[in-house]
Every structure is written in C-alpha cells, then in structure tokens.
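Below is one structure; the comments refer to it alone.
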Amino acid sequence: MSTKVLFIGDVVGKPARIYLKDILPRIREDLDLDVIIANGENASGGSSISSSTAEELFNSGVDVITSGDHIFKRKEAKEALENMDVLRPLNYGKLAWGRGYLIKEIKGNRIAVVNLLGRVFMQPVDCPFKAIRDFLPQIKEEAKIIIVDMHCEATSEKLAMGYFLAGKVSAVLGTHTHVPTADERIIDNFTAYITDVGMTGSFDSILGREKYQIIERFLTNMPLRFNLANSDVRIQGVLLEIDPSTGGALTIKRVEYRKEE
Ligand SMILES: [Fe+2]
Ligand SMILES: [Fe+2]
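Going by my numbering, the sequence shown opens with residue 473, and the numbers climb by one from there.
Listed below in structure tokens is the structure:
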C-alpha cells in the first residue's frame, strides 16, 4: 500500500483558512490521505504565522506546516516555530527560531518533512544545497519518506535542487511564487518534482492580495500596505503516492479545488 501525501501551496490568510476548514476533512477522506503538508508562510494576514493560526490549520487536518521568507515577519511566529509542527527553512542556521525539519510517525511510517529557502532574487541566507547535504545522512537514518519544500523564486534553483536530491528524497516541491507550474515529473524513477505547487487563497487577486493596491504600488513605488483579496478562493497543490518500503515516489499529480461562490 502506498503512502498518500497531499502538499498544498502557500496558504494566504483567512479566506484560505476558512475554505480549508470547510473542505479539507472531506478531501482527506475522499483521497484516503495519510499526510497533509501545507506551506503556511502567508497564513496570518498574508505574512507569517501565529500559534492560533497554525492551530486552525492543524484542526482542519494539516499535519505539518512549512514556510519560507515571510515566516519571521511576526514575533508571534516564535511560539509556533518552537512548540508546534511548524518549520522554518533549514538554511537559516542554528540561531534562528525553530527548526528546519521534523519527523512524523504516521500509520507506522516515519515521514521527514524538510524546508529549504532559495537564494536567487531573495534575501541572503546560508546555502540550501550545503545545508541539505550536511543534514541528509541524519534525516535518512530517521525516515525513509522525505518530503522537501524548496521555497524559492528562481525556477533554475528549484530544478537544480530537484536534480541535486534525485534518488535521495521522495519529493522536492517548489513553493513561494504562488503560481503552479506544469512540469511535474518523477526524476530517476524515485523523486517527485514540481517547480511550484501554486497557492491557497483568492485568485481574483495578485498572489492573494488586492490587485488594485499592488498596481498602485507599481505605479508609485511607494511601500504601501496590502489587504487580502477574498473572492474566487482555491486550494492548489500536488498529490503524491510514495512506496513506504523504498521512500521512492510512484506518482505526482497536480490538484485544484475551487470554492463555490
Ligand atoms: Fe508565499
Ligand atoms: Fe515566500
């Protein structure tokens, strides 16, 4: 029997959380899921996460929350990162709040979830390739199934991580751009890969935020505040089937759910 994992893209604020609460329990049952992983870097008001927001996602059925460059933008994130199954990218280094990977035991299988952050067109951070290279032997000792969230702007850097970890981890899944790509594949018959899984939030928007405010920012170059958009809410992600005896991925499929309005 394969292990079924649903990985969903960046959850943007309350509209996304409400929709997840509505339908995630049903999706879990319909797809007979073993694990649900969600990127929560935008979960609280579009930026970062608090423990109450993380709790909401866990109550909806999410097992592990990953994140990215926005995670430290609220001080409330510290509590969630230190006490809950919420990850920050591994390559922030030892001194940053929280941890970059965790192991979950689900239905007798040990599953590792790892979070990495890219560096191309992003703020400076330690090298994600060296970080995973150093930690991988330890992670492999603890779990066969290893899911990596590669949170990153550049497609080339994400693809490079996919091929760098080919045959070594179950999946390398891109997040951060909020736009899904149509390049899912299984590399070397083992590692599921997609450049970006997309997002969870309003699509009548620019990356989940009010579109006219973003246009205003482009017109003025002023650092304006953005509100979250609320209509045409969708969940985007990928569904993985993994062989628990080898840790190799068998299938990767893009999924999308649209809220009825
Ligand atoms: Fe994001
Ligand atoms: Fe991001």
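Glycine residues also receive a C-beta, built at the ideal position from the N, C-alpha and C atoms.
With DSSP collapsed to three states, give me the class of residue i.
| i | result |
| --- | --- |
| K476 | strand |
| L574 | strand |
| S642 | coil |
| N531 | helix |
| R582 | strand |
| A568 | coil |
| A626 | coil |
| I543 | helix |
| N699 | coil |
| L589 | strand |
| T525 | helix |
| A515 | coil |
Go to residue i, then tell me how far its alpha helix (DSSP H) extends in each direction, as first and last residue.
| i | result |
| --- | --- |
| G485 | 485-502 |
| R689 | 683-692 |
| A552 | 549-555 |
I'd like to know whether the C-beta atoms of residue i and residue j end up nearer to each other than 8 Å.
| i | j | result |
| --- | --- | --- |
| M556 | L588 | no |
| L637 | I619 | no |
| T525 | L559 | no |
| A603 | I575 | no |
| T647 | V669 | yes |
| T663 | T627 | no |
| I499 | G512 | no |
| L711 | L503 | yes |
| S532 | L492 | yes |
| A654 | K683 | no |
| I686 | F698 | yes |
| I583 | E656 | no |
| K640 | L608 | yes |
| S674 | P497 | no |
| Y761 | I490 | Any answer about residue 761 is impossible in this case: the structure gives the chain only from 473 up to 733. |
| R681 | G517 | no |
| I543 | G709 | no |
| R726 | P652 | yes |
Over the uninterrupted beta strand (DSSP E) stretch that includes residue i, give me the two end residues.
| i | result |
| --- | --- |
| G709 | 705-714 |
| K725 | 721-730 |
| S674 | 671-674 |
| R605 | No beta strand (DSSP E) contains R605, which is instead part of the alpha helix (DSSP H) from 600-614. |
| I509 | 507-511 |
| R657 | 657-659 |
| V536 | 536-538 |
| I666 | 663-666 |
Assuming residue i and residue j are in contact, meaning their beta carbons sit under 8 Å apart, how far apart are those beta carbons, in whole angstroms?
| i | j | result |
| --- | --- | --- |
| D482 | M671 | 5 Å |
| S642 | I707 | Incorrect: roughly 22 Å between the Cβ atoms, too far for contact. |
| V536 | I509 | 5 Å |
| V507 | I578 | 6 Å |
| E554 | G572 | About 13 Å separates the two Cβ atoms, so there is no contact after all. |
| V597 | Y564 | 6 Å |
Beta carbon of residue i: closer than 7 Å to some heavy atom of ligand 3?
| i | result |
| --- | --- |
| N514 | Ligands present in the displayed structure are limited to ligand 1 and ligand 2, and ligand 3 is not among them. |
Residues whose Cβ lies closer than 5 Å to any heavy atom of ligand 2, in chain order: Here the list is G540, D541, H648.
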